[in-house]
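Student:
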Amino acid sequence: MDAHEPLPVIGWRERIDLPEWGLKRVRAKIDTGARTSAIDVARIEDLPDGRIRFEVVARNGSTRRTKWIEATPVRTSVVKPSHGETQERCVCLTTIRIGDLEREIEIGLVCRKHMLCRMLIGRRAMAGLAVVDPSRKYLKTPRRTKRTEE
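Residue numbers -6 to 143, in the numbering used here, belong to the letters of the sequence shown in order.
Pasting the structure below:
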C-alpha cells in the first residue's frame, strides 16, 4: 500500500479468516483500546516437540463448535485484562484476513467464554492496515445472504 493512499475503513466488528488454522468467518471485535489480539480457547496442551495444541471455541448463535489446532508459540506474555487480574498468555503467530486485507499477527490464547466476541483484534494488528469506524460493523465482511429458491 502506498504511504499516501488512504487506509481502508473497517467496522468495529468484522468476520475474519485465519487461513493457516483453517478457521473462516470468525466473529471478531476490532478494539483500538486493546493493544494485543486474543482468541477464545478451551484447552491448551504441550506437545513433545515444543509446539502446542489448543482447542478454539466458535459459536454461531447457540451452536458451539470447537477445532483443535497445532502451532508453535512465539512467546509468553503477561497481560492485565479489563477485569484487572494479571494473566500469563501463550502467544502464536498466524495470518489474519479481513475481506481483502491480510497480515501476519500475534494472537494470545485465552478463555473468552464470558465475552460476546470470541476473538479480539487489537490496535497492533490494525496499525497501518486499516482504520476503524466505530459506528459501523461488517464493512469488509458483510453477512451472507440466504439463497432463495426461484
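In this text, a Cβ means the ideal position worked out from N, Cα and C, and glycines have one as well.
None of these values were measured; they are calculated from a predicted model.
By DSSP, does arginine 20 sit in helix, in strand, or in coil?
Tutor: DSSP places arginine 20 in strand when its eight states are reduced to three.
Student: Span of the beta strand (DSSP E) holding alanine 35?
Tutor: Run containing alanine 35: 30 to 39, per the beta strand (DSSP E) assignment.
Student: Counting along the chain, where does the alpha helix (DSSP H) carrying arginine 117 start and finish?
Tutor: 116 to 119 is the span of the alpha helix (DSSP H), which, as asked, contains arginine 117.
Student: Which term fits aspartate 33, buried or exposed, when burial requires 16 or more other beta carbons within 10 angstroms of its beta carbon?
Tutor: Its Cβ being crowded by 16 or more others within 10 Å, aspartate 33 is buried.
Student: Per DSSP, valine 2 is paired with what?
Tutor: Partner(s): Val124.
Student: Who are valine 71's beta bridge partners in DSSP?
Tutor: Bridge partners of valine 71: Glu81.
Student: With DSSP run on the structure shown, which of helix, strand or coil describes aspartate 42?
Tutor: Three-state DSSP puts aspartate 42 in coil, outside helix and strand.
Student: For aspartate 10, which residues does DSSP report across the bridge?
Tutor: DSSP, once it has assigned bridges, lists Arg90 as partnering aspartate 10.
Student: Which of the three DSSP states, helix, strand or coil, is assigned to threonine 25?
Tutor: Of the three classes helix, strand and coil, the one that applies to threonine 25 here is coil, per DSSP.
Student: Can you name, in chain order, every residue of its own chain whose Cβ lies under 6 Å from the Cβ of threonine 25, other than the five neighbours on each side?
Tutor: Closer than 6 Å at the Cβ level, and outside the excluded window around threonine 25, lie Arg116, Val125.
Student: Is there at least one Cβ from chain B nearer than 9 Å to alanine 64's Cβ?
Tutor: Although the question refers to chain B, the structure presented lacks it and comprises just one protein chain.
Student: Taking the C-alpha atoms as reference points, what is the distance between isoleucine 23 and threonine 87?
Tutor: If I take the Cα positions, the gap works out to 17 Å.
Student: DSSP on proline 135, reduced to helix/strand/coil?
Tutor: In this structure, proline 135 counts as coil in the three-state DSSP scheme.
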